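What follows is a short report on a single structure.
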Amino acid sequence: MRWTQTFIPTLKEVPADAEIISHQLLLRAGLVRKLTGGLYTFLPMGLRALQKIENIIREEMDRAGGIEVLMPALQPPDIWQRSGRYETAADVLYKVRDRAKKEWVLGPTHEEVITTLAANEINSYRQLPRNFYQIQLKFRDEIRPRFGLMRAKEFIMKDAYSFDVSDEAAMASYQKMYDAYTRIFARCGLKAFPVEADTGVIGGKHSHEFMVPAETGENEVVYCEACGYAANIEKATSGLPRTAAREAGAEVEKFPTPGVLTIEALSRPPYGVAANRQIKTLVYLADSKPMLVLVRGDDQLNETKLMARTGATAIRPADVKNADDLALFAALGAKPGSLGAVHHVPADWKVYADERLRGANDMTTGANEDGFHLRNVSMERDIKVTEWMDLRIVGSGEPCVKCSKPVKIRRAIEVGHVFKLGTKYSEKLGSNFLDENGQQQPCFMGCYGIGVTRTLQAIIEQSHDKDGIIWPAAVAPYQVCITPLNVATDGPIMTLAEKLHEGLSASGVDVLLDDRDDRPGVKFKDADLVGFPVRIALGEKGLAKGIVEIKPRGGELVNVAPEEAVSKVMELLAR
RNA sequence: CGGGGCGUAGCGUAGCCUGGCUAGCGCGCUUGUUUCGGGUACAAGAGGUCGCGAGUUCGAAUCUCGCCGCCCCGACCA
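This is the structure in structure tokens:
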């Protein structure tokens, strides 16, 4: 391909609406252009890189036994009603109406469609296991699209769905995908690692996310360098001991604390109650039902854990600024800052307490009376805890839950997610099979996603320098850019450039020939910006000495004779 | 949706507070000359409903109100 025959609108300056480096480079290198927030047009360089990623995914999915299909993006709402997600996923569902005013949804994912297919087509254990996948556009009504392709209203996803005869067989399917994902990201030149994950609205129990470490990532990952434990902070636990029990004895005692509304205020003189000797009492609404949530004063509540452990589909903290919630605080008898779980807890409220508080005594907490707190509180003796559960956010440096060495926390971009789904969807949508004994059983399912467009941007986020993108060869839009410094069509330079183009193409290399009649500086800058793995510069001086220059992006320049150029490039690309 | 910021030529921006223009600059673009190994130099040009709509005023890019769009932080997630 010739530069002048394709379309690579590079930008010298950083677009004002791009904040993170990968977003800036997507625009500057001419890979994409924004139509509006969260919607992008892929230009040739972006499209080619995208297709390379897609093909790697196809090869590895096929290798792992996947069967490629293509499902409709436009879907009937009734299958979403049947799965129950018409309500639970309502926030992200785009809904459209046809001319008869009938409603349709634009698929944010395809569990409902594939399970409907399986319900109709898979009837026997002899047809299992099966793993269907597709690479397709997804639509999600994102609360806030951002960072270019990272979070868009419309994005390309590879989604796969496995069907098995048993939980054990499903585990094997899961493992196959886990391994395939590891290979896919490695082949894309991405350093991605699996972490234990929460399952969210998709449901299911067993789940890993594939994370690319990056400061700009939207996730936090807890990891242990010693033993390899890694988990999304939403899911992570640590090996911290429970709060030490002290000499038991004294009765609960109320004492005045005028104006004291925070853990911090109570820890200062004249009270001097250490935060780790306080009980933090939070009022939450889970699917509109009020509850009390107790964590230690120096801990933070992990809302994702609360949601997962309580099985709620929506939770939120009660808020004094919300008129509807005032009755909740009135029921307790106090406002935030003086809340507690010892007295005046309505009988129908559940009280969930963090494990770290189990057995704690000699604690201080709000008295449910404004301006008063209680001391000498014993969790077991004085509070009626409905259920103990792990509810706290893990902090950096806490002992690893597996090996007790201190854990670290870092930010990361989620590029893939694998789930074991169990029979949730198969039961609701009737995906059953007859087993060897002629008994009808629901299929055991798994689902597996890769954000393809996001992966593209994650590669850039992870692989760039001050001059531009540094493409891993496997996903570069073109692997080689030939840069003749004189483009006179009948000159020796252009003649050689054409010859090299031909030779490399014949060897199966994707080559771009920069035939623009521009100054060398312009062409070099653009080649660096777009990030081709190898650049071949052809100039008069070099040619006179019988050499062409081969420069790996970000590497050392080497001079070779023109006839050796093709083999040298092949050698560099093979690395 | 809550909080913050922004909207002036294809891109990046000055001017706005303290109304008074023919709206300025850099990049890019066009033409010519020049240069020719890391975004050449010179000259001449083209290109603007100052986001949209009302209002205040003799006069609005500038002040007021409403709307729209974009970016950032939070809730959502591949």
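So for the first sequence, my numbering puts the first residue at 49; every next one is plus one. Note that the Cβ used here is the ideal one computed from N, Cα and C, for glycine as well. These figures come from a predicted structure and were not determined experimentally.
Expressed to the nearest angstrom, what Euclidean distance is found between the alpha-carbon atoms of residue i and residue j?
{"i": "Arg-192", "j": "Gly-86", "result": "8 Å"}
{"i": "Thr-291", "j": "Asp-396", "result": "28 Å"}
{"i": "Pro-16", "j": "Phe-233", "result": "Within the shown structure, residues of the chain are numbered from 49 to 623, placing residue 16 beyond reach of any answer."}
{"i": "Ala-360", "j": "Tyr-277", "result": "28 Å"}
{"i": "Val-331", "j": "Arg-364", "result": "9 Å"}
{"i": "Lys-149", "j": "Leu-477", "result": "26 Å"}
{"i": "Gln-326", "j": "Arg-106", "result": "54 Å"}
{"i": "Leu-75", "j": "Asp-246", "result": "33 Å"}
{"i": "Val-243", "j": "Ile-281", "result": "10 Å"}
{"i": "Met-93", "j": "Leu-333", "result": "48 Å"}
{"i": "Ile-68", "j": "Ala-460", "result": "14 Å"}
{"i": "Leu-154", "j": "Val-270", "result": "35 Å"}
{"i": "Leu-405", "j": "Asn-324", "result": "10 Å"}
{"i": "Cys-640", "j": "Lys-468", "result": "Only positions 49 to 623 of the chain appear in the structure, and residue 640 is not among them; the question remains open."}
{"i": "Leu-422", "j": "Ala-379", "result": "18 Å"}
{"i": "His-257", "j": "Pro-317", "result": "According to the sequence shown, residue 257 is Glu rather than His. Approximately 46 Å, taken between the alpha carbons."}
{"i": "His-392", "j": "Arg-130", "result": "41 Å"}
{"i": "Lys-453", "j": "Ser-255", "result": "24 Å"}
{"i": "Gln-53", "j": "Leu-79", "result": "16 Å"}
{"i": "Lys-450", "j": "Cys-272", "result": "9 Å"}
{"i": "Glu-301", "j": "Ala-64", "result": "60 Å"}
{"i": "Asn-607", "j": "Ile-508", "result": "28 Å"}
Can you give the beta carbon distance from residue i to residue j, rounded, assuming they're within the 8 Å contact cut?
{"i": "Val-399", "j": "Lys-432", "result": "6 Å"}
{"i": "Val-535", "j": "Ala-240", "result": "Actually they are not in contact, since the Cβ atoms of Val-535 and Ala-240 sit about 41 Å apart, beyond 8 Å."}
{"i": "Gly-579", "j": "Ala-524", "result": "7 Å"}
{"i": "Asp-576", "j": "Ile-530", "result": "Going by Cβ atoms, the distance from Asp-576 to Ile-530 rounds to 15 Å, so no, they are not a contact pair."}
{"i": "Lys-353", "j": "Leu-439", "result": "5 Å"}
{"i": "Asp-189", "j": "Asp-110", "result": "With 8 Å as the limit, Asp-189 and Asp-110 do not qualify as a contact, their Cβ atoms being about 33 Å apart."}
{"i": "Asp-207", "j": "Gly-497", "result": "5 Å"}
{"i": "Glu-588", "j": "Ile-541", "result": "7 Å"}
{"i": "Val-596", "j": "Gly-602", "result": "Wrong, their Cβ atoms sit about 19 Å apart, outside the cutoff."}
{"i": "Ser-386", "j": "Asn-409", "result": "With 8 Å as the limit, Ser-386 and Asn-409 do not qualify as a contact, their Cβ atoms being about 21 Å apart."}
Which residues bound the beta strand (DSSP E) around residue i?
{"i": "Ile-268", "result": "According to the sequence displayed, residue 268 carries Glu and not Ile. Where Glu-268 is concerned, the enclosing beta strand (DSSP E) stretches over 267 to 271."}
{"i": "Arg-325", "result": "Premise fails: Arg-325 is in no beta strand (DSSP E) and is neither H nor E."}
{"i": "Val-582", "result": "582 to 586"}
{"i": "Lys-143", "result": "142 to 145"}
{"i": "Ile-632", "result": "Residue numbering for the chain in the displayed model covers 49 to 623; residue 632 lies beyond these limits and cannot be assessed."}
{"i": "Met-198", "result": "That residue, Met-198, is in no beta strand (DSSP E); it is neither H nor E in DSSP."}
{"i": "Ala-298", "result": "Note, Ala-298: premise wrong, no beta strand (DSSP E); not H, not E."}
{"i": "His-158", "result": "Taken as a continuous stretch (DSSP letters only), His-158 belongs to no beta strand (DSSP E), as it is neither H nor E."}
{"i": "Tyr-181", "result": "178 to 187"}
{"i": "Arg-458", "result": "456 to 470"}
{"i": "Gln-489", "result": "488 to 490"}
{"i": "Met-437", "result": "435 to 437"}
{"i": "Pro-649", "result": "Because the chain here runs from 49 to 623, residue 649 falls outside it and cannot be looked at."}
{"i": "Met-219", "result": "No beta strand (DSSP E) contains Met-219, which is instead part of the alpha helix (DSSP H) from 215 to 235."}
So which of the options has the shortest CA-CA distance to residue i?
{"i": "Arg-623", "options": "Thr-531, Lys-589, Ala-521", "result": "Ala-521"}
{"i": "Val-213", "options": "Trp-519, Thr-230, Ser-474, Leu-544", "result": "Ser-474"}
{"i": "Ser-172", "options": "Leu-548, Glu-108, Asn-480", "result": "Asn-480"}
{"i": "Asp-367", "options": "Gly-419, Ala-382, Lys-82, Gly-443", "result": "Ala-382"}
{"i": "Pro-600", "options": "Leu-586, Gly-556, Gln-527", "result": "Gln-527"}
{"i": "Pro-581", "options": "Leu-621, Arg-564, Pro-610", "result": "Leu-621"}
{"i": "Ile-584", "options": "Ala-592, Gln-182, Leu-552", "result": "Leu-552"}
{"i": "Ile-518", "options": "Ala-77, Trp-152, Pro-306", "result": "Ala-77"}
{"i": "His-158", "options": "Glu-151, Ile-170, Leu-118", "result": "Leu-118"}
{"i": "Tyr-222", "options": "Ala-313, Thr-329, Pro-177", "result": "Pro-177"}
{"i": "Val-557", "options": "Arg-564, Leu-548, Met-219", "result": "Leu-548"}
{"i": "Arg-357", "options": "Pro-125, Trp-436, Leu-605", "result": "Trp-436"}
Could you tell me which residues DSSP puts in a beta bridge with residue i?
{"i": "Arg-364", "result": "Leu-333"}
{"i": "Lys-82", "result": "Tyr-88"}
{"i": "Ser-172", "result": "Leu-482"}
{"i": "Arg-440", "result": "Leu-349"}
{"i": "Arg-50", "result": "Leu-561"}
{"i": "Asn-280", "result": "Val-269"}
{"i": "Val-343", "result": "Lys-328"}
Which residues mark the beginning and the end of the alpha helix (DSSP H) in which residue i is found?
{"i": "Val-390", "result": "Careful: Val-390 lies outside any alpha helix (DSSP H) and carries neither H nor E."}
{"i": "Glu-403", "result": "It is not in any alpha helix (DSSP H) - Glu-403 carries neither H nor E in the DSSP assignment."}
{"i": "Ile-205", "result": "Here residue 205 turns out to be Met, not Ile, going by the sequence shown. Counting along the chain, Met-205 falls outside any alpha helix (DSSP H), though it belongs to the beta strand (DSSP E) covering 202 to 212."}
{"i": "Trp-128", "result": "125 to 131"}
{"i": "Val-606", "result": "Val-606 -> not in any alpha helix (DSSP H); beta strand (DSSP E) instead, spanning 606 to 608."}
{"i": "Gly-551", "result": "540 to 554"}
{"i": "Arg-623", "result": "Looking at the DSSP string, Arg-623 is not in any alpha helix (DSSP H), and its letter there is neither H nor E."}
{"i": "Thr-503", "result": "500 to 510"}
{"i": "Val-578", "result": "568 to 578"}
Heavy atom of the ligand FMN less than 7 Å from the Cβ of residue i, yes or no?
{"i": "Ser-286", "result": "Among the components modelled here there is no ligand, and therefore nothing to report on the ligand FMN."}
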